[in-house]
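Residues in the sequence shown are numbered consecutively from 1157, following the working numbering.
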Amino acid sequence: MRTKTVTLKVEGMTCGGCVYGVRKVLARLRGVSKADVTYEQSRADVTYDPAVVTVAKMIAAIRTLGYAATVVAPASRS
């Protein structure tokens, strides 16, 4: 399995509960192996298998919680 890591800017998080929700929705996506979410930096660093899940699916999952998400760093190979 080749993994990639992408950094997403997540706008609208206001508390630790928001971080938990974003982390949980990302972790539930098949193909996501790690999701580090920080409230202070409004970002999520996600390690994933691009053969299984797309960045667009991650962004869509975050949007279901009411937050805006955009890519801030290009995907890289691990």
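Where is the CB? At the ideal position from N, CA and C, for every residue including glycine.
For residue j and residue i, the rounded distance between their alpha carbons
i, j, result
"Ser-1198", "Arg-1158", "27 Å"
"Ala-1207", "Lys-1213", "12 Å"
"Val-1181", "Leu-1221", "8 Å"
"Gly-1187", "Lys-1160", "11 Å"
"Thr-1203", "Val-1209", "11 Å"
"Ser-1189", "Val-1162", "12 Å"
Status (buried if at least 16 other CB within 10 Å, exposed otherwise) for residue i
i, result
"Ala-1183", "exposed"
"Tyr-1223", "buried"
"Ala-1216", "exposed"
Best match in the options for proximity to residue i [C-alpha to C-alpha]
i, options, result
"Arg-1219", "Val-1166, Lys-1160, Thr-1161 and Val-1162", "Val-1166"
"Tyr-1195", "Val-1227, Val-1162, Gly-1168 and Ala-1224", "Gly-1168"
"Thr-1226", "Asp-1205, Ala-1200, Val-1188 and Val-1209", "Ala-1200"
Local conformation of residue i per DSSP, three classes
i, result
"Tyr-1176", "helix"
Residues that DSSP places opposite residue i in a beta bridge
i, result
"Thr-1203", "Thr-1161 and Lys-1190"
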